[in-house]
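Trainee: Under the numbering used here, read the sequence shown as residues 9 to 80, first letter to last.
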Amino acid sequence: MKKIIALILILAALVAGYIGIDKLDSSESGLKIGDLELKAEDTSSKKTAYMYIGGALICLVAGVTLVSRKDK
């Protein structure tokens, strides 16, 4: 049972990490014309992306801990 939960946590970490990185990448856009460069940044989307990445790290650590723990 622990192995199944660990697998689900690791898969959730992969999905959340992908979503977080995708949101972080799309939170900034810019326009460059010659020497002029304009950038726009969405801070709310960036915070959400960091929360997804943080949640992914927590799920990954929990999943790896469950897999590596020996049954007593």
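Quick reminder that beta carbons are idealized off the backbone N, C-alpha and C, glycines included.
#1: Is it true that the CB of Ala14 sits closer than 9 Å to the CB of Gly63?
#2: Tell me whether the beta-carbon of Leu68 lies closer than 9 Å to the beta-carbon of Ile18.
#3: Can you look up Lys78 in the DSSP assignment and give me helix, strand or coil?
#4: My parser needs the beta strand (DSSP E) runs of 3 or more residues fully inside the stretch 26-61; what are they?
#5: CB-CB under 7 Å to Thr56, same chain, minus the five flanking residues each way: which ones, in chain order?
#6: Looking at C-alpha atoms only, which residue of Leu22, Lys10 and Ile12 is the closest neighbour of Ile61?
Mentor: Considering the structure as presented:
#1: Numbered from its first residue, the sequence shown carries residue 63 at position 55. Numbered from its first residue, the sequence shown carries residue 14 at position 6. Between Gly63 and Ala14, the CB-CB gap reaches or exceeds 9 Å.
#2: Working through the sequence shown from its first residue, we reach residue 68 at position 60. Working through the sequence shown from its first residue, we reach residue 18 at position 10. Yes, the pair counts as a contact, with Cβ atoms nearer than the cut-off.
#3: As a working mapping, residue 78 is identified with position 70 in the sequence shown. DSSP places Lys78 in coil when its eight states are reduced to three.
#4: 36-41 and 44-49
#5: Here residue 56 is taken as the residue at index 48 of the sequence shown, counted from 1. Hits under 7 Å: Lys31.
#6: Here residue 61 is taken as the residue at index 53 of the sequence shown, counted from 1. Looking at the Cα atoms, Leu22 is the closest of the given residues.
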